[in-house]
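Shown next, in structure tokens, is the structure this report addresses.
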Amino acid sequence: CGSPNNTLTCSGRGDCICGQCECYNLNLYSQLEYSGQFCECNDFTCSFGPNGLCGGKKRGVCKCGTCVCLDGWTGDNCECSTDQSKCVASDGTICNNNGTCNCGKCDCDEGSKWFGPTCEECPNCPTQCSEHFACAECSFHFPGTLTREECDKQCPNVEDVDELVESDGVQKCQGTATSDGCTLYFTYEYMDNNDVLIKVQKTKRCPKDAPLAAIIGGTVAGIILIPLLIICLCIFIRNRRDAKEYADFLKDKNKARWESGANPIYKDPKSTFQNPMYKGQAGM
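Under the UniProt record's numbering, residue 284 is the last one in the sequence shown; the count climbs by one each step, no gaps.
Laid out in structure tokens, this is it:
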């Protein structure tokens with residue numbers, strides 16, 4: 001019952017009965033006992049994480065003061081996930097080849113221009129406004145491209161604010177709503193757990209309403225005036241054509257009369273004169 005590293009029987013934490021240590025309780029008020037062949041271990045001295053001892057029963061157990069993590073977890077208190085799915089960039093690489101995946105999230109290379117949950121963003125890179133617009137639209141200005149159920153499931157971190165504030169790590173965006181054509185203004189940023197926080201400005205800019213009276217008046221005028229103008233144009237063309245035809249008729253008529261009568265400018269070469277002294281008998 002004696003440990004090679006300890007001269008005390010059962011490490012001073014138990015009784016030796018029939019050559020085996022029977023360990024004491026941790027204290028008078030606890031049913032928990034020391035453990036180990038020589039009662040040398042306290043399985044409750046491991047560090048506590050957010051979910052309890054060694055991250056909770058789903059992450060690991062404490063063995064003799066040290067956390068033994070279950071599959072899928074690592075770290076001193078089993079706080080880190082070995083799942084790298086959140087580190088996969090859009091091109092399928094881990095952290096866009098610009099960082100390392102630690103505890104299930106990317107640590108972008110120090111000194112590089114890359115940042116974001118998968119090290120895919122940079123100061124001069126296109127923003128992901130279009131990717132987050134659906135959440136901004138449906139959460140505050142429903143309806144949008146997502147159903148209510150999809151919106152509640154896919155967009156848990158959306159806030160409405162009076163005014164958007166720009167700061168480091170905050171991307172400002174805008175987009176046109178599908179429901180009313182108004183322009184929405186919003187920002188997105190990454191929280192410590194790599195989730196996206198979207199803030200939507202309460203006020204939106206909408207196109208001015210078209211004057212209803214002008215639209216109705218223009219429509220009615222178009223329906224009435226255009227046919228009327230066409231009719232007037234047809235009458236004008238017809239009258240001009242009739243006038244021309246009548247003028248041609250008169251011209252042809254006058255021409256026919258001139259051809260059937262005497263030529264007013266023709267002068268007969270014969271001239272007849274009457275002698276007043278002529279008595280009507282020759283030889284007188």
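Where a beta carbon is used, it is the ideal one built from N, C-alpha and C, also for glycine.
Since we're looking at a predicted model, the values are computed, not measured.
Please determine, among Cys78, Cys119 and Ile198, the residue with the shortest C-alpha to C-alpha distance to Ser139.
-> Ile198
Asn157 versus Tyr188 - alpha carbon distance = 10 Å
Neighbourhood of residue 304 by C-beta, 7 Å cutoff - its chain only, sequence neighbours within 5 removed | Within the shown structure, residues of the chain are numbered from 1 to 284, placing residue 304 beyond reach of any answer.
Cβ pair Cys16, Cys39 closer than 7 Å = no
Segment limits, beta strand (DSSP E) that includes Asp152 = No beta strand (DSSP E) contains Asp152, which is instead part of the alpha helix (DSSP H) from Arg148 to Gln154.
For Ala210, I'd like the list of residues in its chain whose CB is within less than 6 Å of its CB, leaving aside the five on either flank, ordered along the chain.
-> Because Ala210 sits at a pLDDT of 49, beneath the cut-off of 50, its placement in the model cannot be relied upon, and the point is left open.
Once you ignore the five residues that flank Gln84 on each side, which residues in its own chain have a CB closer than 8 Å to its CB?
-> Ile94, Cys101 and Gly104
Reduced DSSP secondary structure (H/G/I, E/B, other) of Leu158 = For the record, residue 158 in the displayed sequence is Val; it is not Leu. Strand at Val158.
With a CB to CB cut of under 8 Å and the five nearest residues on each side skipped, what residues in its chain are close to Gln174?
-> Cys129, Thr183, Leu184, Tyr185 and Phe186
Other residues of its chain near Asn5: CB distance less than 6 Å, five sequence neighbours each side excluded | none
Same chain only: Cβ atoms within 6 Å of Cys21, ignoring 5 sequence neighbours per side = Cys1, Cys10, Gly14, Phe38 and Cys39
Straight-line Cα distance separating Tyr190 from Glu137 | 19 Å
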